[in-house]
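For the numbering used here, add 10 to where a residue sits in the sequence shown, where the first one is 1. The beta carbon of each residue, even a glycine, is placed where N, CA and C say it ideally should be. A quick note: this is a predicted structure, and the numbers were derived from the prediction, not measured.
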Amino acid sequence: MRTTKLASRAMARLALAGLALGLMALAGLALWSTVANQRAADRIGEMNEIGDRWGRIQQKTRIEEDALDSFVRGGSPESRNPLASAVGGADDDLEWLQNRGDAADIEAARRIRQTYVTYTAAVREVVALGERGDLASAALQADLGAFAASSLQKQISQVVAGKRNQTTQYLLEADQSNRKLRTLTGIAFTIDVVLLGLCSLILLENQRRIRRQAAQSHHDALHDGLTGLGNRTLFTEQTERAILSTDRSAAPIGLLLIDLNKFKEVNDTLGHHVGDLLLRQVADRLRTASREVDLVARLGGDEFAILLPGIDGVANATAIATRIHDALCSPVDMEGMRLEVGASIGVAVYPHHGATPDQLLQHADVAMYAAKRGRHGVIVYEAGLDRHNTAQLTLIGELRKAIERDELVLHYQPQANAHSGEICGVEALVRWRHPQRGLLGPADFISTAEENGLIEPLTYWVLNNALAQCRTWLDAGERLPMSVNVGVDCLQNDEFPAAVSESLARYAVPSEMLTLELTESAMISNPARATAVVRELGALGIRLSIDDFGTGYSSISLLQKLPVHEVKLDRTFVTRMGSDDTDGTIVRALLELGHGFHLQVVAEGIEDLDTWTTLDSLGCDVIQGFYLGKPMPAADFAPWLARHRTAAGATLATDPATPVR
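Written out as structure tokens, the structure is:
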């Protein structure tokens with residue numbers, strides 16, 4: 011395409027250059043012709059004037075000759091006077107020719123003037139003799155003059171004839187030159203006409219190409235380059251038009267705002283190429299699931315929108331949104347992988363939920379985030395959702411102050427050896443003693459902290475307080491390894507390993523007693539930097555654990571690249587393994603995978619004895635869950651631990667072979 015454009019431009023420039031040269035040549039020929047014609051006219055004028063001079067000389071000498079002949083025949087005084095008047099009449103013209111004629115004329119005038127001087131002298135002698143009455147001598151002298159006149163006329167006639175021939179020859183040459191000029195002018199004109207036609211064709215083609223490019227540019231300005239869907243600009247324009255049409259027809263319009271779930275995880279883990287392929291497949295599904303009259307647009311990233319003109323109302327828009335949600339929740343086959351992405355959809359309807367495109371988008375956005383938070387799939391906007399957003403903003407400010415005011419508290423959930431039931435560690439879980447709302451669990455504020463840059467200071471608070479408690483237990487003779495969850499931002503901070511090392515030293519806790527739990531999402535936002543940070547942590551002797559193992563796409567890759575000590579099976583698989591054969595199969599596979607990498611496997615979400623027993627039989631190393639013990643404050647943990655050990659002692663006394671459960 012680019013080569014064709016360059017060739018077209020080169021041809022256009024060449025044609026324009028040729029046309030310019032042709033016009034210059036035509037102008038040059040016209041100027042040349044004008045100058046040549048002017049010169050020819052001037053030369054012909056000069057030749058005509060010279061010819062006229064020679065003609066007058068010839069005429070005047072003939073008059074003199076005729077007057078002389080009349081005097082000779084008559085001899086009367088009356089015939090003498092005309093002769094006296096005519097003699098010497100050619101002197102002025104001969105003098106002019108000698109002064110202003112060309113070289114040949116000057117020479118001829120000089121020669122003829124010599125003869126003319128002799129002739130006029132003889133004629134004047136005849137007149138003088140006649141005046142004295144010597145007619146005999148006058149007659150004799152007249153005969154001599156007649157002889158001279160004959161010679162003079164012969165010379166003059168030759169010159170006049172030569173001038174005529176010269177003029178004729180010059181005119182012929184000038185005509186030939188003009189013919190050549192006319193031929194060259196005709197050729198130049200023809201070439202210019204051809205080049206003008208070629209330029210016209212090229213200009214027409216350029217205009218067509220410009221129109222095509224303008225149309226393409228207009229299309230590109232209103233469409234997404236990756237998916238071919240409309241973009242935000244087109245969507246806003248069409249929404250405005252739809253609202254104007256709705257005002258006339260009174261038919262509601264719907265607006266769906268769609269955000270993909272787990273897209274960032276797919277994009278960061280499997281690469282942008284797979285992410286782009288996924289977006290194209292999502293776009294195809296949206297086209298297929300929507301109606302022909304609907305406008306599907308990609309607003310940016312993994313955010314899509316659909317304009318629903320001519321709907322019956324909110325229920326109709328919700329039904330369409332549900333159908334689209336179902337289409338997006340179906341697994342996607344992507345280069346040999348089966349991905350489950352899903353989506354959250356917010357619904358807003360005009361005029362119920364807004365009077366302008368911006369209001370509809372804003373309210374659909376509020377509904378979409380509500381759907382994402384609650385994992386509801388589809389939510390229709392309502393005024394209460396705005397109040398929730400206001401509460402969320404308030405929560406951010408309160409959480410920032412809570413960290414500063416030490417309103418947070420740690421609860422500790424025990425972990426036990428899956429076979430013996432012996433307590434082998436605890437996980438520190440943060441709670442928030444909110445002044446108005448009471449005790450809040452992690453689900454109420456952790457995501458807010460992650461989204462608003464508070465997860466790093468929150469992680470430092472948890473780490474320091476957990477290590478302080480670990481030191482307290484060590485001083486009391488209890489060696490309980492501590493697990494702490496690490497926030498996303500911490501693994502992007504090159505100074506985090508040094509901060510952890512400083513905290514370990516401050517509380518004099520051996521590094522092997524600290525386990526940092528990492529999630530895939532924390533690793534994949536910037537894998538290179540996160541990997542470097544994790545390796546530094548491993549070099550400190552800290553134990554590293556992959557949390558929610560099996561829920562992402564890069565678990566195996568993390569096991570290969572990082573100095574990991576354990577993996578924690580996600581609670582969703584463990585909780586359902588007794589009732590869902592698929593989850594049971596997944597748990598067994600993950601156990602084998604973890605042990606294949608020589609890692610300790612921790613199962614969380616143990617809600618009953620059967621699950622614990624099954625996991626023990628499968629070779630699970632450590633269990634954690636409500637059946638063993640709920641998260642509890644440090645003050646409650648010591649009594650609980652004592653009761654657990656008492657129960658264990660009683661069990662061992664009764665049947666030493668029975669595990670404590």
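Worksheet item: Are L232 and G238 touching if we call contact CB-CB under 8 Å?
Response: Contact: no.
| request: Count the C-beta pairs between the stretch 292 to 301 and the stretch 333 to 340 that are closer than 8 Å, then say yes if the count reaches three, no if not. | output: Taking a cut-off of 8 Å on C-beta distances, the stretch 292 to 301 touches the stretch 333 to 340, as three or more cross pairs fall below it.
Nearest to E408 by alpha carbon, out of L420, F636, L468, L93?
Nearest C-alpha to E408: L468.
When the distance is taken between beta carbons, is I316 closer than 8 Å to I263?
Between I263 and I316, the CB-CB gap reaches or exceeds 8 Å.
query: Shortest alpha-carbon distance to V45 belongs to which of V324, A184, A509?
result: Comparing Cα positions, the closest option is A184.
Could you spell out the range, first to last residue, of the beta strand (DSSP E) harbouring I389?
Its beta strand (DSSP E) spans residues 388 to 390.
With DSSP as the reference, identify every bridge partner of L266, one or two as the case may be. L266 pairs with I316, V357.
- So, are the CB atoms of G99 and A132 less than 8 Å apart? One thing to note: G99 has its Cβ no nearer than 8 Å to the Cβ of A132.
Next on the checklist: Please report the distance separating the alpha-carbon of L601 from that of V306.
Outcome noted: So the alpha carbons of these two residues sit roughly 44 Å apart.
Discussion item. Pop quiz: V698 and L280 are said to be a contact at Cβ under 8 Å. What is the actual Cβ separation, rounded to whole angstroms?
Written reply: Any answer about residue 698 is impossible in this case: the structure gives the chain only from 11 up to 671.
**OP:** Report, in whole angstroms, the separation of the C-beta atoms of I552 and N462, which I expect to be a contact under 8 Å.
**Re:** For a cut-off of 8 Å, the C-beta gap from I552 to N462 is around 27 Å, too long to register as a contact.
Practice problem: Could you tell me which residues DSSP pairs with F673 in its beta bridges? | Solution: The question about residue 673 has no answer, for the chain in this structure spans 11 to 671.
Within this structure, are the beta carbons of L579 and I433 separated by less than 8 Å? With contacts defined by Cβ atoms closer than 8 Å, L579 and I433 do not form a contacting pair.
- request: Take R308 and list the residues in its own chain whose beta-carbon comes closer than 6 Å to its own, dropping the five residues that flank it on each side.
  value: Same-chain partners within the cutoff: D234, T237, L239, F314.
Notebook entry, point to check: Okay, do the stretch 70 to 80 and the stretch 205 to 221 touch, 3+ Cβ pairs below 8 Å being the bar?
Noted result: In short, these stretches do not touch, since the Cβ pair count stays below three.
Quick check on DSSP: helix, strand or coil for Q610? Strand, per DSSP.
Taking G629 as the reference, which of F636, K70, T541, V597 has the closest Cα?
Considering only alpha carbons, the answer is V597.
Practice item. Please name the residue in G615, V137, C500, T130 whose C-alpha comes closest to that of Q423. Key: If we check each option's Cα against that of Q423, G615 comes out closest.
(Q) Can you find the residues in the same chain that come closer than 7 Å, C-beta to C-beta, to A252, ignoring five residues on each side of it along the sequence? (A) Taken in chain order, the residues that qualify are I263, L317, P319.
**Prompt:** Do H421 and P649 come within 8 Å of each other at the CB atom, strictly closer than that value?
**Reply:** H421 is positioned such that its CB atom lies no closer than 8 Å to that of P649.
* Would DSSP call Y180 helix, strand or coil? -> Assigned with DSSP and collapsed to three states, Y180 falls in helix.
Does DSSP put A307 in a helix, a strand or coil? Three-state result, A307: strand.
**Request:** State the CB to CB distance for the pair M492 and L524, rounded to an integer number of angstroms; the pair is presumed to be in contact (CB under 8 Å).
**Result:** Right, the Cβ-Cβ distance comes to about 6 Å (below 8 Å), so this counts as a contact.
| field | Between the CA atoms of F647 and R627 - distance to the nearest angstrom | value | Inspection of the sequence shows that residue 627 is occupied by Ser rather than by Arg. Roughly 28 Å separates the two Cα atoms.
Q.
Using the Cβ count rule (16 or more neighbours within 10 Å means buried), how would you classify A377?
A. Burial state of A377 is buried, judged by a 10 Å Cβ sphere holding 16 or more other Cβ atoms.
Checklist entry - What separation, rounded to the nearest whole angstrom, lies between the Cα atoms of D590 and V584? => result So the alpha carbons of these two residues sit roughly 10 Å apart.
- Query: Around the Cβ of A119, are there at least 16 other Cβ atoms within 10 angstroms (buried) or fewer (exposed)?
  - Reply: Under this definition A119 is a buried residue.
query = Are the stretch 124 to 140 and the stretch 47 to 56 touching, with three or more C-beta to C-beta distances below 8 Å?
reply = No, because fewer than three Cβ pairs between the stretch 124 to 140 and the stretch 47 to 56 fall closer than 8 Å, the two stretches do not touch.
Exercise. Assuming I60 contacts L107 under a Cβ cut-off of 8 Å, what Cβ separation, rounded to an integer in Å, is found between them?
Worked result: With 8 Å as the limit, I60 and L107 qualify as a contact, their Cβ atoms being about 7 Å apart.
Check your understanding: What residue range is occupied by the uninterrupted beta strand (DSSP E) comprising D343?
Key -> Here the beta strand (DSSP E) through D343 covers 342 to 344.
Original post:
Is the Cβ-Cβ distance between V342 and L288 less than 8 Å?
Top reply: Taking C-beta atoms as the reference points, V342 and L288 count as a pair closer than 8 Å.
What is the DSSP secondary structure of Y637, reduced to helix, strand or coil? In this structure, Y637 counts as coil in the three-state DSSP scheme.
Neighbourhood of A94 by C-beta distance below 6 Å, restricted to the same chain and skipping five residues each side: Hits under 6 Å: V137.
Practice problem: Work out the CA separation of A380 and I395 for me, nearest whole Å. | Solution: The residue you asked about is not Ile; residue 395 is Leu in the sequence shown. If you draw a straight line from the Cα of L395 to the Cα of A380, it comes to about 7 Å.
In the DSSP output, which residue or residues are listed as bridge partners for L526? The partner list for L526 (beta bridge, DSSP) reads V494, L554.
Option nearest S457 by Cα separation, candidates A538, V498, L349: That would be V498, whose Cα lies nearest to the Cα of S457.
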